[in-house]
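Colleague: Sharing a structure here in structure tokens format.
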Amino acid sequence: MRDQVRGVVICPVCSHIQPPGEECQFCGAHLHPRKPGGIGKSFSYSLGAFAFLIPANLLPMMEVIKLGKVYGNTIIGGVLAFFEHRDYFIGIVIFVASILIPFLKLGILWFLLAIAHFKALRRCRLLGIRLYQFISFIGKYSMLDVFVVVLMVSFIQFGEFVSIKAGPAVVPFSLSVIFTILATEAFDSKLLWDRS
Amino acid sequence: MRGRKERRGINWVNWLIPLIALGISIGMVLKYYQKEGLWVEVSFRDVRGITPLQTPVKYKGVEVGKVEEVEIDKSDLNRFILKLLIYPQYEYLIKKGTLFWKATLEISPDKIANLDTILKGSYIAVLPPTTNRQELEKLPTELYFIGLEHPPGEKGYHFVLISGSGDLGKDAPIVYKGVQVGKLYSKKLGKDGKLRYQGLIFEKYQYLLFKNLKFYRIDPIKFKASLDSIQFRVPSLRLLLTGGVGIYIGDGDGVPKEEYILYSDLEDIQYAPEVIKLVTTSKLPLSKVVYNNIVAGKVVSSEYDLKRDLKILRIKFKKEFFHLLKKSPYFYIQYPSLSLQNLNLRKLLSGAYIQMGLKGVEAPIQKSYRLMEIPPERRGYDFQLKLVGEPKVSAGEGIYYRGIKVGEIGKVELEGTGLKVIGKIYNRYRYLINDSTLFYPISAVELEATLSKISLQVPPMVQLIKGGITFITPANRDLKSRKFPLFSSLSQLKEWLKLHRDGAVIQLTAPSPAGVGKGTPIYFRGFKAGEVLGVKWNPELGRVVIESFIGKKFLSYLNSSTLFYRQQRIRAYFSLSGVKVALPPAEGLLKGAIEMEGNSSRFSPLNSYPLLSWEEYQSRNYFNIYIVAPKSYGVK
Chain F
1 MRDQVRGVVI
11 CPVCSHIQPP
21 GEECQFCGAH
31 LHPRKPGGIG
41 KSFSYSLGAF
51 AFLIPANLLP
61 MMEVIKLGKV
71 YGNTIIGGVL
81 AFFEHRDYFI
91 GIVIFVASIL
101 IPFLKLGILW
111 FLLAIAHFKA
121 LRRCRLLGIR
131 LYQFISFIGK
141 YSMLDVFVVV
151 LMVSFIQFGE
161 FVSIKAGPAV
171 VPFSLSVIFT
181 ILATEAFDSK
191 LLWDRS
Chain W
1 MRGRKERRGI
11 NWVNWLIPLI
21 ALGISIGMVL
31 KYYQKEGLWV
41 EVSFRDVRGI
51 TPLQTPVKYK
61 GVEVGKVEEV
71 EIDKSDLNRF
81 ILKLLIYPQY
91 EYLIKKGTLF
101 WKATLEISPD
111 KIANLDTILK
121 GSYIAVLPPT
131 TNRQELEKLP
141 TELYFIGLEH
151 PPGEKGYHFV
161 LISGSGDLGK
171 DAPIVYKGVQ
181 VGKLYSKKLG
191 KDGKLRYQGL
201 IFEKYQYLLF
211 KNLKFYRIDP
221 IKFKASLDSI
231 QFRVPSLRLL
241 LTGGVGIYIG
251 DGDGVPKEEY
261 ILYSDLEDIQ
271 YAPEVIKLVT
281 TSKLPLSKVV
291 YNNIVAGKVV
301 SSEYDLKRDL
311 KILRIKFKKE
321 FFHLLKKSPY
331 FYIQYPSLSL
341 QNLNLRKLLS
351 GAYIQMGLKG
361 VEAPIQKSYR
371 LMEIPPERRG
381 YDFQLKLVGE
391 PKVSAGEGIY
401 YRGIKVGEIG
411 KVELEGTGLK
421 VIGKIYNRYR
431 YLINDSTLFY
441 PISAVELEAT
451 LSKISLQVPP
461 MVQLIKGGIT
471 FITPANRDLK
481 SRKFPLFSSL
491 SQLKEWLKLH
501 RDGAVIQLTA
511 PSPAGVGKGT
521 PIYFRGFKAG
531 EVLGVKWNPE
541 LGRVVIESFI
551 GKKFLSYLNS
561 STLFYRQQRI
571 RAYFSLSGVK
581 VALPPAEGLL
591 KGAIEMEGNS
601 SRFSPLNSYP
611 LLSWEEYQSR
621 NYFNIYIVAP
631 KSYGVK
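The structure is reproduced here in structure tokens:
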């Protein structure tokens with residue numbers, strides 16, 4: 001039986017079930033039955049995240065300066081470069097972490113938002129909730145590529161011979177990840193079962 | 001429900017976030033890809049080491065732009081066009097006169113430079129024409145450049161030379177008064193079909209730019225010829241082939257310009273534009289007009305008038321000589337001659353030239369003048385020489401008499417299968433010849449014998465080398481003929497004389513030649529009876545043998561009674577055409593004479609006659625003593 005049917009609210013902080021009100025009787029947190037913003041907020045963040053993915057993929061992620069020559073690579077360019085060098089493992093890792101997962105997360109989130117918004121997709125909500133669990137889990141690993149860049153930049157500083165510089169794509173990529181997280185957090189999975 | 005209400009309320013915020021995000025994203029991309037800045041195209045021949053999107057453009061080590069693209073120049077497949085993007089804050093560096101060059105490692109015997117490029121990679125270096133910001137702002141922006149293949153080694157003033165024709169090599173030096181004051185460093189064919197060279201005047205000579213200066217092209221060949229008088233900063237064989245640029249400085253001041261016209265010739269600048277015509281019958285190739293040993297004009301073109309058999313030369317005179325034409329100039333052809341006095345190889349090699357003289361009378365400049373073949377003061381009696389045998393004779397050779405040049409051979413031409421030789425005796429020496437004159441070439445041997453008697457204006461050596469023609473005039477005759485024989489040698493002449501019985505050759509002997517030499521006349525009672533042909537030393541006899549020619553008329557006096565003695569004074573002589581008071585302009589020619597005296601009888605000459613001195617003769621106490629007085633009369 002769902003909370004709304006019962007006429008109760010679950011405190012988002014301490015999970016105490018209580019009648020609706022302003023404040024939680026147990027922890028004092030602000031009481032609201034569903035996350036504020038609802039679909040709209042989540043959707044807008046997700047669009048923002050998507051918008052930032054454009055520069056993240058078009059601009060170079062990392063600039064390697066070898067003997068004065070600047071070799072800049074976008075994410076996709078980097079993946080292809082690794083494949084060319086037959087470093088398939090790293091290539092796949094980066095592909096998954098920096099391309100597949102960001103887009104996948106957004107895609108899934110839109111799917112969830114669609115389920116919450118359209119009655120016709122009601123039957124998918126079980127799938128949806130599973131997916132929601134999935135993207136919540138891997139959310140943190142989205143920043144993998146950024147960490148790689150950060151580590152490379154901090155380790156490989158050998159003066160004029162080789163040095164690595166963070167490329168301009170790092171900022172929009174990070175913003176994209178942040179916004180994806182914000183979008184995911186703004187999405188209240190309970191919405192999947194609303195409007196019954 | 002409450003969720004929905006909430007959603008609607010903050011709807012506008014929801015759209016704001018993605019829109020802002022989108023805006024930022026697009027902004028980032030645009031900013032990254034279409035960075036603002038100035039697009040500049042620089043053309044290079046060698047773009048090794050230049051990578052698009054990576055190679056930076058640096059000014060004194062500071063990155064001011066980047067090479068975005070490398071393309072092959074469609075109009076010249078040997079060149080590449082680099083498209084540079086100069087960051088907006090440095091756009092002011094790109095002005096007319098800005099230099100671009102590729103900075104890479106340079107290791108050569110001269111220098112080692114740009115070591116930092118090993119580590120940092122090649123870059124395109126840029127250098128604005130001046131470091132003064134205000135001046136730089138005033139210059140116009142230029143977007144198309146020819147890149148330098150090497151970094152500019154010198155500081156100085158850069159400019160462009162526009163040339164309509166000709167092709168100088170790259171790196172051609174710019175020379176002024178024998179010193180290299182600058183150089184060219186690049187060449188480009190402009191859209192108007194004219195060549196544009198970028199040149200540089202070294203810093204320390206920049207003051208030249210403030211004079212009224214013009215640049216002209218020195219052909220590689222001409223350049224070579226003047227190499228001995230030019231000091232180069234960096235001598236290089238290459239310069240022999242590339243030619244050079246000369247500077248001509250006129251009066252007045254000038255301002256440094258960005259573009260100069262490259263005249264195709266120094267003469268273009270120096271010459272007055274008016275063209276004067278010279279008309280001549282000579283077919284000789286002539287190229288310049290000389291006045292007082294300086295080239296005053298040049299032949300621009302020549303044409304041949306078939307109808308009148310004339311050659312018309314078009315002459316341009318140098319500006320500073322042009323006014324001379326107002327002083328009634330006359331022109332004649334000067335042949336170069338080898339003379340040890342002025343052994344000037346250049347003159348000798350350059351062939352005949354036109355000599356200009358001035359009469360001095362003010363007169364308007366004519367459009368055309370006659371080009372005479374002989375200088376006016378050297379006019380004379382023209383005649384033709386018939387060759388007997390095969391004497392060697394050449395045009396311009398001199399005709400000498402006792403060491404003095406009294407005439408010259410004008411032309412030696414081929415007529416049919418034989419040679420036509422034209423000669424002339426200068427007017428002042430006309431008296432030396434008459435219809436009986438016979439010419440023969442001087443040989444060194446002949447000359448030796450007469451050296452003691454000849455007053456030479458030039459060192460004896462010259463005579464020996466010169467050769468030349470000389471003559472004898474054996475008899476008193478008028479001068480009417482225009483044809484004279486030229487023998488191959490003196491001996492041939494003597495043979496001929498014997499054959500023709502025009503006279504006889506006899507030998508006189510004396511202990512010394514004193515006062516007697518070739519050409520010394522022999523007089524018989526006031527009439528010229530003959531002439532000394534030559535003087536030789538005979539070691540067997542221990543005496544000087546004087547070969548003399550006695551004319552036909554006097555042969556009857558050549559017998560055992562004949563006496564010869566020396567005469568020392570100038571006298572008046574009778575000739576068939578009247579009394580000639582013989583005081584020729586050149587007294588030296590007739591110094592000394594031999595007197596002949598004898599009875600008329602059968603022609604039976606002795607083997608040799610002694611030549612007596614005046615005293616010896618007197619002591620013989622013969623009749624007909626001649627009293628000689630300074631005043632000129634002589635009585636038979």
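Protein chains in written order, with our numbering: chain F, 1 to 196; chain W, 1 to 636. Ideal Cβ placement from N, Cα and C applies to all residues, glycine included.
1) To which residues of the same chain is valine 70/W closer than 7 Å at the C-beta, ignoring the five residues directly before and after it?
2) Which same chain residues, not among the five before or five after arginine 430/W, have their C-beta less than 8 Å away from its C-beta?
3) Please work out which residues of its chain come closer than 7 Å, Cβ to Cβ, to phenylalanine 574/W, disregarding the five sequence neighbours upstream and downstream, and give them in chain order.
4) Looking only at its chain, what residues have a beta carbon closer than 8 Å to the beta carbon of valine 162/F, apart from the 5 residues adjacent to it on each side?
5) Just curious, the alpha helix (DSSP H) that glutamate 362/W is in, first and last residue?
6) Under the assumption that lysine 494/W contacts leucine 533/W (Cβ atoms under 8 Å), give the Cβ distance between them as a whole number of angstroms.
7) Are the beta-carbon atoms of lysine 316/W and tyrosine 271/W separated by less than 7 Å?
8) Apart from the five residues just before and just after tryptophan 537/W, which ones in its own chain have a Cβ nearer than 7 Å to its Cβ?
9) Where do the ends of the beta strand (DSSP E) carrying lysine 183/W lie?
10) To the nearest angstrom, report how far apart phenylalanine 159/W and alanine 125/W are at their CA atoms.
11) Check serine 163/W in the structure and name its three-state DSSP category.
12) Whole angstroms are fine: how far does the CA of leucine 191/F sit from the CA of isoleucine 17/F?
13) Compare the C-beta of phenylalanine 103/F with all C-beta atoms of chain W and state if any pair is closer than 7 Å.
14) Per DSSP, which one or two residues make a beta bridge with asparagine 538/W?
15) Is the separation between the beta-carbon of tyrosine 565/W and that of glutamate 531/W shorter than 7 Å?
16) Please look up how many angstroms separate the CB atoms of leucine 168/W and tyrosine 185/W, rounded, as I've assumed it's under 8 Å.
17) Straight-line CA distance for tryptophan 12/W to tyrosine 45/F?
18) Isoleucine 550/W and leucine 558/W - do their beta-carbons sit closer together than 7 Å?
19) For tyrosine 645/W, does the three-state DSSP call read helix, strand or coil?
20) Does DSSP classify isoleucine 594/W as helix, strand or coil?
21) Give the straight-line distance between the Cα atoms of glycine 403/W and valine 535/W, rounded to the nearest whole angstrom.
22) If contacts are defined as beta-carbon pairs under 8 Å, then tyrosine 157/W and leucine 209/W qualify, I think. What distance do you get, rounded to the angstrom?
23) Who are the near neighbours of isoleucine 469/W in its chain, counting only those whose CB is closer than 6 Å to its CB and skipping five residues on each side?
24) Can you find a C-beta in chain W that's less than 7 Å from the C-beta of phenylalanine 52/F?
25) By how many angstroms is the C-alpha of alanine 186/F removed from the C-alpha of isoleucine 54/F?
26) Taking CB distances under 7 Å as the criterion, tell me whether tyrosine 32/W reaches chain F.
27) Would you say valine 148/F touches the ligand HEM, meaning its beta carbon is less than 6 Å from a heavy atom?
28) Taking Cβ-Cβ distances below 9 Å as the criterion, which residues of the stretch 131 to 143 of chain F are in contact with chain C?
29) Counting only beta-carbon atoms, is asparagine 78/W nearer than 7 Å to chain F?
30) Which residues in chain W sit within 8 Å of serine 44/F, going by Cβ to Cβ distance?
31) Would you mind telling me which residues of chain W sit closer than 7 Å to lysine 41/F, beta carbon to beta carbon, in chain order?
32) What are the residues of the stretch 34 to 57 of chain W that lie near chain F, defined by any Cβ-Cβ distance shorter than 7 Å?
33) With a Cβ-Cβ cutoff of 7 Å, do valine 79/F and isoleucine 94/F count as a contact?
34) Looking only at its chain, what residues have a beta carbon closer than 7 Å to the beta carbon of serine 189/F, apart from the 5 residues adjacent to it on each side?
35) For glycine 360/W, I'd like the list of residues in its chain whose CB is within less than 8 Å of its CB, leaving aside the five on either flank, ordered along the chain.
36) Under 8 Å between beta-carbons, which chain F residues line up against valine 64/W? List them in chain order, please.
Modeller: Reading it off the structure:
1) Here residue 70/W refers to the residue found at position 70 of the second sequence. Correct list, in chain order: Val47, Ile50, Pro52, Phe80 and Leu82.
2) Counted from its first residue, the second sequence places residue 430/W at position 430. Gly380, Tyr381 and Leu479, listed in sequence order.
3) Counting from 1 along the second sequence, the entry for residue 574/W is found at position 574. Per-residue confidence for phenylalanine 574/W stands at a pLDDT of 43, beneath the threshold of 50, marking its modelled position as unreliable; the derived number appears in the next sentence. Closer than 7 Å at Cβ, skipping near neighbours: Gly526 and Phe527.
4) To locate residue 162/F, count along the first sequence from 1; it is residue 162. Taken in chain order, the residues that qualify are Val64, Ile65, Lys66, Leu67 and Ile156.
5) Working through the second sequence from its first residue, we reach residue 362/W at position 362. Segment: none, glutamate 362/W is in no alpha helix (DSSP H) and carries neither H nor E.
6) Residue mapping note: residue 494/W aligns to position 494 of the second sequence, counting from 1. Residue mapping note: residue 533/W aligns to position 533 of the second sequence, counting from 1. So it is a contact: roughly 7 Å between Cβ atoms.
7) Stepping through the second sequence from its first residue, residue 316/W is reached at position 316. Stepping through the second sequence from its first residue, residue 271/W is reached at position 271. Contact flag set, yes.
8) Within the second sequence, numbered from 1, the residue matching residue 537/W stands at position 537. The residues are Val544.
9) Sequence index remark: in the second sequence, residue 183/W carries index 183 (1-based). From DSSP, the beta strand (DSSP E) with lysine 183/W extends over 179 to 189.
10) As a working note, residue 159/W is residue 159 in the second sequence. As a working note, residue 125/W is residue 125 in the second sequence. If I take the Cα positions, the gap works out to 19 Å.
11) By one-based count along the second sequence, residue 163/W stands at place 163. Three-state result, serine 163/W: strand.
12) The sequence position of residue 17/F within the first sequence is 17, counting from 1. The sequence position of residue 191/F within the first sequence is 191, counting from 1. Roughly 18 Å separates the two Cα atoms.
13) By 1-based counting over the first sequence, the position of residue 103/F is 103. For phenylalanine 103/F, the answer is no, since every Cβ of chain W falls outside 7 Å of its Cβ.
14) Residue numbering aside, residue 538/W sits at position 538 when the second sequence is read from its first letter. Asparagine 538/W is bridged to Arg543/W.
15) Within the second sequence, numbered from 1, the residue matching residue 565/W stands at position 565. Within the second sequence, numbered from 1, the residue matching residue 531/W stands at position 531. In this structure, glutamate 531/W does not lie closer than 7 Å to tyrosine 565/W by Cβ.
16) In the second sequence, the residue the question calls residue 168/W occupies position 168. In the second sequence, the residue the question calls residue 185/W occupies position 185. Contact doesn't hold; Cβ gap of about 11 Å is too wide.
17) Working through the second sequence from its first residue, we reach residue 12/W at position 12. Working through the first sequence from its first residue, we reach residue 45/F at position 45. Tyrosine 45/F has its alpha-carbon roughly 13 Å from the corresponding atom of tryptophan 12/W.
18) Your numbering for residue 558/W matches position 558 in the second sequence. Your numbering for residue 550/W matches position 550 in the second sequence. Cβ distance < 7 Å, so leucine 558/W and isoleucine 550/W count as in contact.
19) Since the first and last residues shown for chain W are 1 and 636, residue 645/W lies out of range.
20) For the purposes of this step, residue 594/W is taken as the residue at position 594 of the second sequence. Taken through DSSP and simplified to helix, strand or coil, isoleucine 594/W comes out as strand.
21) In the second sequence, residue 403/W corresponds to position 403, counting from 1. In the second sequence, residue 535/W corresponds to position 535, counting from 1. Approximately 15 Å, taken between the alpha carbons.
22) By one-based count along the second sequence, residue 157/W stands at place 157. By one-based count along the second sequence, residue 209/W stands at place 209. So it is a contact: roughly 6 Å between Cβ atoms.
23) As a working note, residue 469/W is residue 469 in the second sequence. Only Ile399, Phe439 and Pro441 meet the Cβ criterion.
24) Here residue 52/F is taken as the residue at index 52 of the first sequence, counted from 1. With 7 Å as the cut-off, phenylalanine 52/F counts as an interface residue toward chain W.
25) As a first step, residue 54/F must be located in the first sequence, where it is residue number 54. As a first step, residue 186/F must be located in the first sequence, where it is residue number 186. Distance between the alpha carbons of isoleucine 54/F and alanine 186/F is about 22 Å.
26) Counted from its first residue, the second sequence places residue 32/W at position 32. Yes, its Cβ sits closer than 7 Å to a Cβ of chain F.
27) The model depicted lacks the ligand HEM and carries no ligand whatsoever.
28) Absent from the structure is chain C; the protein chains it does hold are F and W.
29) Position 78 of the second sequence holds residue 78/W. So no, asparagine 78/W is outside the interface.
30) In the first sequence, the residue the question calls residue 44/F occupies position 44. Here the neighbours are Val13, Asn14, Trp15, Leu16, Ile17 and Pro18.
31) Within the first sequence, numbered from 1, the residue matching residue 41/F stands at position 41. Going along chain W in sequence order, the residues near lysine 41/F (Cβ under 7 Å) are Asn14.
32) Thr51 and Gln54
33) Here residue 79/F refers to the residue found at position 79 of the first sequence. Here residue 94/F refers to the residue found at position 94 of the first sequence. At a Cβ-Cβ threshold of 7 Å, valine 79/F and isoleucine 94/F count as neighbours.
34) As a first step, residue 189/F is located in the first sequence; it is residue number 189 there, counting from the start. Taken in chain order, the residues that qualify are Ile129 and Tyr132.
35) For this step, residue 360/W is matched to residue 360 along the second sequence. Closer than 8 Å at Cβ, skipping near neighbours: Lys327 and Ser328.
36) Numbered from 1 along the second sequence, position 64 holds the residue referred to as residue 64/W. Those within 8 Å of valine 64/W in chain F number zero; the least Cβ separation is about 16 Å.
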